[in-house]
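Sequences listed follow chains A and B, in order.
So the first sequence is numbered by this note's numbering: it starts at 1 and just counts up by one.
So the second sequence is numbered by this note's numbering: it starts at 1 and just counts up by one.
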Amino acid sequence: AQKVTQAQTEISVVEKEDVTLDCVYETRDTTYYLFWYKQPPSGELVFLIRRNSFDEQNEISGRYSWNFQKSTSSFNFTITASQVVDSAVYFCALSANQGGKLIFGQGTELSVKP
Amino acid sequence: DAGVIQSPRHEVTEMGQEVTLRCKPISGHDYLFWYRQTMMRGLELLIYFNNNVPIDDSGMPEDRFSAKMPNASFSTLKIQPSEPRDSAVYFCASSLAGGLNTQYFGPGTRLTVL
Numbered sequence: 001a002q003k004v005t006q007a008q009t010e011i012s013v014v015e016k017e018d019v020t021l022d023c024v025y026e027t028r029d030t031t032y033y034l035f036w037y038k039q040p041p042s043g044e045l046v047f048l049i050r051r052n053s054f055d056e057q058n059e060i061s062g063r064y065s066w067n068f069q070k071s072t073s074s075f076n077f078t079i080t081a082s083q084v085v086d087s088a089v090y091f092c093a094l095s096a097n098q099g100g101k102l103i104f105g106q107g108t109e110l111s112v113k114p
Numbered sequence: 001d002a003g004v005i006q007s008p009r010h011e012v013t014e015m016g017q018e019v020t021l022r023c024k025p026i027s028g029h030d031y032l033f034w035y036r037q038t039m040m041r042g043l044e045l046l047i048y049f050n051n052n053v054p055i056d057d058s059g060m061p062e063d064r065f066s067a068k069m070p071n072a073s074f075s076t077l078k079i080q081p082s083e084p085r086d087s088a089v090y091f092c093a094s095s096l097a098g099g100l101n102t103q104y105f106g107p108g109t110r111l112t113v114l
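Next up, the structure:
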């Protein structure tokens with residue numbers, strides 16, 4: 001069975017703090033993809049990153065960085081110097097078959113206070 | 001380029017009424033997905049199409065739900081008759097060549113059944 005767990009339901013930080021959102025996944029497939037999506041208060045789902053199971057290199061995009069570790073089945077997301085505009089619900093998701101079912105975690109609600 | 005378009009953005013209806021949600025995928029994308037988001041169940045896949053053909057409808061909750069994709073640029077999700085427990089946000093997403101590629105989501109339709 002495939003599963004994504006985001007153990008942190010809510011996180012609250014003060015602006016400029018760094019924050020890490022945890023994601024742990026389960027799959028028996030050897031080929032799979034991991035995703036992060038952002039859902040701001042306006043409600044849309046915004047794609048942030050896609051990572052395949054054969055590429056464990058960390059990735060940095062501006063203030064965002066992702067740490068993928070197959071040994072611990074984790075794909076964590078760090079926001080450096082958080083800003084109020086980062087306030088949103090963040091979803092980690094897994095896709096492990098060609099068809100395309102995305103398995104989502106329950107989401108982590110991040111609140112960044114000024 | 002235009003993203004995934006959904007209409008209506010908000011729908012309020014009374015129990016027993018028929019509801020039709022509409023989606024226009026990104027031009028050129030050959031996969032289309034319908035998801036539902038609720039507080040209790042999170043984000044869950046209802047059905048997906050490949051080249052206008054339904055591939056997996058195992059997530060459709062019951063016979064009251066039906067989905068069609070008459071052509072590559074249009075899909076509908078119909079609920080008949082609607083019930084209060086159908087109240088949720090319904091998202092449409094599209095991708096090129098399946099779920100291992102990035103799914104881009106529409107803005108969602110917030111459905112309220114009174």
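From the three backbone atoms N, C-alpha and C, an ideal C-beta is built for every residue, glycine too.
This one's a predicted model, so the numbers in the text were calculated from it and none came from an experiment.
**OP:** For B/Arg-85, name the three-state secondary structure that DSSP assigns.
**Re:** Sequence index remark: in the second sequence, residue 85 of chain B carries index 85 (1-based). Three-state result, B/Arg-85: helix.
**OP:** Could you tell me whether the Cβ of A/Phe-104 comes closer than 8 Å to any Cβ of chain B?
**Re:** What you label residue 104 of chain A is simply residue 104 of the first sequence in a count that begins at 1. A/Phe-104 counts as touching chain B.
Original post:
Going along chain A, which residues have a C-beta under 8 Å from B/Ser-95?
Top reply: Walking along the second sequence from the start, residue 95 of chain B turns up at place 95. Under the 8 Å cutoff, chain A gives Gly-100.
Original post:
Apart from the five residues just before and just after B/Gln-37, which ones in its own chain have a Cβ nearer than 7 Å to its Cβ?
Top reply: To locate residue 37 of chain B, count along the second sequence from 1; it is residue 37. Same-chain partners within the cutoff: Leu-43, Ala-88, Val-89, Phe-91.
Original post:
Counting Cβ pairs, one atom from each stretch, are 3 or more of them under 8 Å apart for the region 96-114 of chain B and the region 25-40 of chain B?
Top reply: Yes: the two stretches touch, three or more of their Cβ pairs being nearer than 8 Å.
Subject >> Partners in chain B for A/Lys-28, counting only beta-carbon separations shorter than 7 Å >> reply: For the purposes of this step, residue 28 of chain A is taken as the residue at position 28 of the first sequence. Checking the sequence, you will find Arg at residue 28 of chain A rather than Lys. What A/Arg-28 touches in chain B: nothing, since even the nearest Cβ is about 16 Å away.
Subject >> Whole-number beta carbon distance between B/Ala-67 and B/Pro-54, since they are thought to touch under 8 Å >> reply: For the purposes of this step, residue 54 of chain B is taken as the residue at position 54 of the second sequence. For the purposes of this step, residue 67 of chain B is taken as the residue at position 67 of the second sequence. Contact flag correct, Cβ pair sits at about 7 Å.
Original post:
Name the chain A residues whose beta carbon is nearer than 9 Å to that of B/Leu-46?
Top reply: Against the second sequence, residue 46 of chain B aligns to sequence position 46. Going along chain A, no residue has its Cβ under 9 Å from B/Leu-46, so there is no contact; the nearest lies around 11 Å.
Subject >> A/Ser-74 versus A/Leu-48: straight-line alpha-carbon distance, rounded >> reply: Taking the first residue of the first sequence as 1, we reach residue 74 of chain A at position 74. Taking the first residue of the first sequence as 1, we reach residue 48 of chain A at position 48. Looking at the backbone, the Cα of A/Ser-74 and that of A/Leu-48 are separated by about 17 Å.
Original post:
Taking the alpha-carbon positions, what's the A/Cys-109 to B/Ile-47 distance?
Top reply: For this step, residue 109 of chain A is matched to residue 109 along the first sequence. For this step, residue 47 of chain B is matched to residue 47 along the second sequence. It is Glu, not Cys, that sits at residue 109 of chain A in the sequence shown. Near 27 Å, if we compare the C-alpha coordinates of B/Ile-47 and A/Glu-109.
Original post:
Under a Cβ-count criterion, where at least 16 other Cβ atoms within 10 Å of its own Cβ denotes burial, should A/Gln-83 be classed as buried or exposed?
Top reply: Along the first sequence, one-based indexing puts residue 83 of chain A at 83. Flag for A/Gln-83 reads exposed.
Subject >> Beta carbon proximity, B/Gln-80 to chain A, threshold 8 Å >> reply: As a working mapping, residue 80 of chain B is identified with position 80 in the second sequence. Chain A, which has no Cβ nearer than 8 Å to the Cβ of B/Gln-80, makes this no.
Original post:
Do the region 4-14 of chain B and the region 14-31 of chain A touch if we need at least three Cβ pairs shorter than 8 Å?
Top reply: No, the region 4-14 of chain B is not in contact with the region 14-31 of chain A.
Original post:
Since B/Pro-54 sits in a beta bridge, which residues does DSSP pair it with?
Top reply: Against the second sequence, residue 54 of chain B aligns to sequence position 54. Paired residues: B/Phe-49.
Original post:
With a Cβ-Cβ cutoff of 8 Å, do A/Ala-81 and A/Lys-38 count as a contact?
Top reply: Indexing the first sequence from 1 puts residue 81 of chain A at position 81. Indexing the first sequence from 1 puts residue 38 of chain A at position 38. Not in contact: A/Ala-81 and A/Lys-38 (Cβ atoms no closer than 8 Å).
Original post:
Could you give the distance in angstroms between the alpha-carbon of B/Ser-73 and the alpha-carbon of B/Arg-110?
Top reply: Locating residue 73 of chain B in the second sequence gives position 73, where the first residue counts as 1. Locating residue 110 of chain B in the second sequence gives position 110, where the first residue counts as 1. So the two alpha carbons sit approximately 22 Å from each other.
Subject >> Residue ranges of each beta strand (DSSP E) within the region 22-46 of chain B, 3 or longer >> reply: You should have 31-38.
Subject >> Straight-line gap, B/Gln-19 to B/Val-113 (C-alpha atoms, nearest Å) >> reply: Taking the first residue of the second sequence as 1, we reach residue 19 of chain B at position 19. Taking the first residue of the second sequence as 1, we reach residue 113 of chain B at position 113. Looking at the sequence provided, one finds Val at residue 19 of chain B rather than Gln. Whole-angstrom Cα-Cα distance: 9 Å.
**OP:** At 7 Å on the CB atoms, spell out the chain B contacts of A/Glu-120, in chain order.
**Re:** A query on residue 120 of chain A cannot be resolved here, the shown segment of chain A reaching from 1 to 114 and no further.
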